[in-house]
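Heads up, the sequence shown is in my numbering, so the first residue is 741 and it goes up one at a time. The block underneath contains the structure these notes are about, expressed in structure tokens.
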Amino acid sequence: MPSISLPWLHHTLPHVRGLDTSRYGSRKLRAERQADNARQRAADALDLALCIGELISGNGASAEETVAAILVIADAYGLEGCESDVTLNAVELTGHAPGDAVPLMGKRIIQHRRTDFATLENTQLLVQDIHEGKLTLADARQAAADLIPEPEQPGMLRPWKRRYTGHALVGFVAAAASVLTGAKLGVALCAFLAAVTGNWISTSMARYGVPAFYRFTLAAIPAAVVALVVHALWPGVASQSIIIAGVLVLLPTMAATSAVQDSLAGHYLTAVARLLETLTIFASVVLGTGLVLGLATRLGIDAPTLPSVRATAGTYLDWRLVAAALFAVGIAARYKVAPRKYAAVGLLGLAGVVVYAELRELSFSPIAATGIAAVAVAIGGHALARRARTSALPWVIPAAAPLLPGTLIYKALYAVTNGEVLEGATGMLRALGVILALAGGISVVGETVQFLRRWRAVRKTARRGGPSLLERS
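Here is the structure:
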């Protein structure tokens, strides 16, 4: 989903999408050679562009937006004949110093990828300042360096406040998710404790470089164990909500959305990599939960069952709406969205759940209902982003999180553990379809808004009799 409210991105997309080859593609040499330090300055500009690309891509932006940012930086500081490529784990740039036929080439490996919308937004604002010529190269390099987070060393303990705040946010999200799926206060507290335990396991292993698949597998286990214990002690409560909440906390909304966006924009290699990342995390969560449920079945322990009556719109028009809003706000806080956006995120999340519930009551399939609800959420997010002139991601991604198919996944797992393998496999495919519908709904709104904005700009320019948008880009 391109962040079309960002002027620098709108300015550069024609070249990124192959619509304009004149701005960054020239290989002509200047008639006069520049000063002796021109190549060093070009090397510094290339390094800055790669640093910006790493920050943007590593914090959740699409490959297309990353390429656009890199080209903006390169053009602003005089690099000529630039070409950039972005994959899931690397950013590359080639270009020429002014008057120099020998190309400069650089590549950065993205060592750590996270969803940090605060850093992403600050980086986007930095790119806009550079695009408008407000910063010298030295100032821009210093500003970019200030945005780079300090790496964590193996065994290093983070400051206690940041460490426990992160665990508490994950627990808060899980508690809200459990209430959204039918839990009461006591079960929500159990979901909180299970999610905190799972997150502690995951973050502890991450500091020692354990791959994500194993971390997410282990992180999914505490919720399943706690749910079985609660079900054994209090059979009448909605203990299945603990497992569903644990699944919802771990599902990769951002990776799925970026995979769809990259595929729509033609970055197929990166899209496939992101899709594999999504499937890997999905499989690890299913594996961790399934191992516990399968072992419990072997030992004769009953797993909690889902209610036989499907929730209707009427059941959501009460306390579940508050849970949906809190769930979205919790995701926003976890992704470091600015607090001033929490109210809007909560309202968008609430609206998405209401739209979904109404569509399900009208007999829409889960996939169709999720896709339409995602479109509604994305339209609201883009409207807010347009007013704020920032990316729509900090609004849309957290607000869409309550639409994730935690219940479908648990239903499929329950079927598999009870010997209904075909039904379980079908349920898993349906859950994957819901995730992709969610990502597709978000992405298609971004593409539609981008198309309409460019179409209006072209018509406005044509009425004035000036050069076309692509000629001005």
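Beta carbons: idealized from backbone N, C-alpha and C, even for Gly. Just so it is clear, the structure is predicted and the values come from calculations on it, not from any experiment.
Bounding residues of the alpha helix (DSSP H) (the contiguous stretch that carries GLU805): Segment 803-816, the alpha helix (DSSP H) holding GLU805.
For ALA1171 and LEU1148, believed in contact at Cβ under 8 Å, the rounded distance: Their Cβ separation, rounded to whole angstroms, is 4 Å, which keeps LEU1148 and ALA1171 in contact under 8 Å.
The region 1131-1150 contacting the region 1173-1186, beta-carbon criterion three pairs below 8 Å: Contact holds: three or more Cβ-Cβ distances are below 8 Å.
Residue nearest to GLY718 in terms of C-alpha spacing, selected from VAL1136, LYS1076, ALA1108, GLU1098: The question about residue 718 has no answer here: the residues shown for the chain are numbered 741 through 1213.
Distance between ILE870 and ALA1097 (C-alpha atoms, nearest Å): Answer to the nearest angstrom: the Cα atoms are 45 Å apart.
Contact under 7 Å by Cβ, LEU877 with THR957: If you check the CB distance, LEU877 and THR957 do not come in under 7 Å.
Residue from ALA946, LEU1033, LEU1019, THR997 whose Cα sits closest to the Cα of ILE961: The option with the nearest alpha carbon to ILE961 is LEU1033.
Segment contact, 8 Å Cβ cut-off, at least three pairs: the region 935-948 with the region 1005-1025: Touching, no.
When LEU819, ILE792, ALA1005, ASP886 are compared against THR1188, the one with the closest alpha-carbon: Among LEU819, ILE792, ALA1005, ASP886, the Cα nearest to that of THR1188 is on ALA1005.
Buried or exposed (CB count within 10 angstroms, at least 16 for buried), MET994: The residue in question, MET994, is buried, as its Cβ has 16 or more Cβ neighbours within 10 Å.
Span of the beta strand (DSSP E), counted from its first residue to its last, around ARG848: From DSSP, the beta strand (DSSP E) with ARG848 extends over 843-849.
DSSP bridge partner residues for HIS836 (one or two, in chain order): Among the bridge pairs identified by DSSP, HIS836 is matched with GLU820, PRO843.
Inter-residue Cα distance where the pair is LEU990 and LEU875: Between the alpha carbons of LEU990 and LEU875 lies a gap of roughly 40 Å.
Per-residue DSSP class, three states only, for ARG763: In this prediction, ARG763 has a pLDDT of 47, which is less than 50 and means its spatial position is unreliable; nothing more can be read from the coordinates.
Proximal residues to TYR904 (C-beta, below 8 Å), its chain only, five neighbours per side dropped: There are no such residues.
Assigned secondary structure, ASP825 (DSSP; H/G/I helix, E/B strand, else coil): Three-state result, ASP825: strand.
Pick from PRO1134, VAL1095, ILE984, LYS1151 that is closest to VAL1115, judged by C-alpha positions: Its Cα nearest to that of VAL1115, the residue VAL1095 stands out among PRO1134, VAL1095, ILE984, LYS1151.
Inter-residue Cα distance where the pair is LEU844 and GLY818: LEU844 and GLY818: Cα-Cα distance of roughly 13 Å.
Residues near ARG1196 by beta carbon distance below 8 Å, same chain, minus five either side: Cβ within range, chain order: n/a, list empty.
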